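Numbering (mature numbering (1 follows the signal peptide of the UniProt record, and there is no 0)), first residue to last: -23 to -1, 1 to 260.
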């Protein structure tokens, strides 16, 4: 088992939402995480600074907007065991070959990553990248050295990755023996910038975690980035904290959008074709 497969009905409803609202504009899609699996020593769950309650995403034209509801401040939680005095989120990964596990998709060049948290210990600048390799920074952030160590920790209660139960031995999307949470190598440079969004900005995009999650965190924030250089279609996204003591995932789908130059060329071609048609009808 990897992550739950998107059903035909769900895929159809997503496509219809995009068509109904206009190309590349859909409503916010939410994914709820366990409320009890954020580990902070002997303090876990809702009382932990690391608890993540859920995520949401929405495509707006050529932008993908991602929101996070968590107890973890955007700048990270103060931690003596953190490399820079804090422990923040790692990088978020998007697998555009969702029929493959993460490692296979990485090998086939189908994984894209977003460094959105300036406070983390990623080796790349803020931005969007096609990812060649990933790495772990848990060793310098007092973290778990593997997924297996996290899920089997006595303080990890009802551990999930989004709505996937991590104690299910059939879970094989991520390697049990690794704790990779950062981009370490990319194919070329950045594919675009990332803009950080606060709670008010997310509200302006239609996000409402309070009404769509059974429980929410003390912190709401997110980011957006241009997807015109990404493959489009179905994907699996996942995210871990720097110490691998909390993570989440969600499945989604985005409509492919042309790059700006391609869009301009299409507009010109369309204009010429329309002009020719009009001239012919007036002849």
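C-beta atoms are modelled at their ideal positions from N, C-alpha and C, and glycine is treated no differently. Model, not experiment: these values are computed from the prediction.
Contact under 8 Å by Cβ, residue i with residue j
{"i": "residue 9", "j": "residue 140", "result": "yes"}
{"i": "residue 194", "j": "residue 97", "result": "no"}
{"i": "residue 154", "j": "residue 123", "result": "yes"}
{"i": "residue 200", "j": "residue 105", "result": "no"}
{"i": "residue 25", "j": "residue 37", "result": "no"}
{"i": "residue 111", "j": "residue 163", "result": "no"}
{"i": "residue 57", "j": "residue 74", "result": "no"}
{"i": "residue 156", "j": "residue 113", "result": "yes"}
{"i": "residue 138", "j": "residue 225", "result": "yes"}
{"i": "residue 3", "j": "residue 12", "result": "no"}
{"i": "residue 174", "j": "residue 89", "result": "no"}
{"i": "residue 142", "j": "residue 42", "result": "no"}
{"i": "residue -21", "j": "residue 223", "result": "no"}
Residue-level contact to chain D via CB, residue i, 8 Å cutoff
{"i": "residue 15", "result": "This model lacks chain D altogether; it includes just one protein chain."}
Inter-residue CB distance, residue i and residue j (contact presumed, cutoff 8 Å)
{"i": "residue 219", "j": "residue 64", "result": "5 Å"}
{"i": "residue 27", "j": "residue 6", "result": "Incorrect: roughly 24 Å between the Cβ atoms, too far for contact."}
{"i": "residue 92", "j": "residue 160", "result": "6 Å"}
{"i": "residue 216", "j": "residue 197", "result": "Contact flag wrong, Cβ pair sits at about 15 Å."}
{"i": "residue 32", "j": "residue 227", "result": "6 Å"}
{"i": "residue 69", "j": "residue 214", "result": "6 Å"}
{"i": "residue 190", "j": "residue 117", "result": "Actually they are not in contact, since the Cβ atoms of residue 190 and residue 117 sit about 32 Å apart, beyond 8 Å."}
{"i": "residue 121", "j": "residue 221", "result": "4 Å"}
{"i": "residue 151", "j": "residue 128", "result": "Incorrect: roughly 10 Å between the Cβ atoms, too far for contact."}
Three-state secondary structure (DSSP) of residue i
{"i": "residue -12", "result": "Note that residue -12 has pLDDT 36, beneath the 50 cutoff, so the model's placement of it is unreliable and the number below is only indicative. If DSSP states are grouped into helix, strand and coil, residue -12 belongs with the helices."}
{"i": "residue 227", "result": "strand"}
{"i": "residue -21", "result": "coil"}
{"i": "residue 22", "result": "helix"}
{"i": "residue 180", "result": "helix"}
{"i": "residue 7", "result": "strand"}
{"i": "residue 127", "result": "helix"}
{"i": "residue 140", "result": "coil"}
{"i": "residue 170", "result": "coil"}
{"i": "residue 187", "result": "helix"}
{"i": "residue -2", "result": "Bear in mind that a pLDDT of 38 at residue -2, under 50, signals an unreliable position, so the model cannot answer this."}
{"i": "residue 16", "result": "strand"}
{"i": "residue 202", "result": "strand"}
{"i": "residue 146", "result": "coil"}
{"i": "residue 210", "result": "strand"}
The ligand HEM heavy atom lying under 7 Å from the CB of residue i
{"i": "residue 230", "result": "The ligand HEM is absent from the structure shown, which contains no ligands of any kind."}
Per DSSP, cross-strand counterpart(s) of residue i
{"i": "residue 196", "result": "47"}
{"i": "residue 216", "result": "225"}
{"i": "residue 33", "result": "7 and 44"}
{"i": "residue 156", "result": "Note: residue 156 sits in no beta bridge, so no partner."}
If we require 4 or more residues per run, which alpha helix (DSSP H) segments fall completely within the region 46 to 123? 79 to 84
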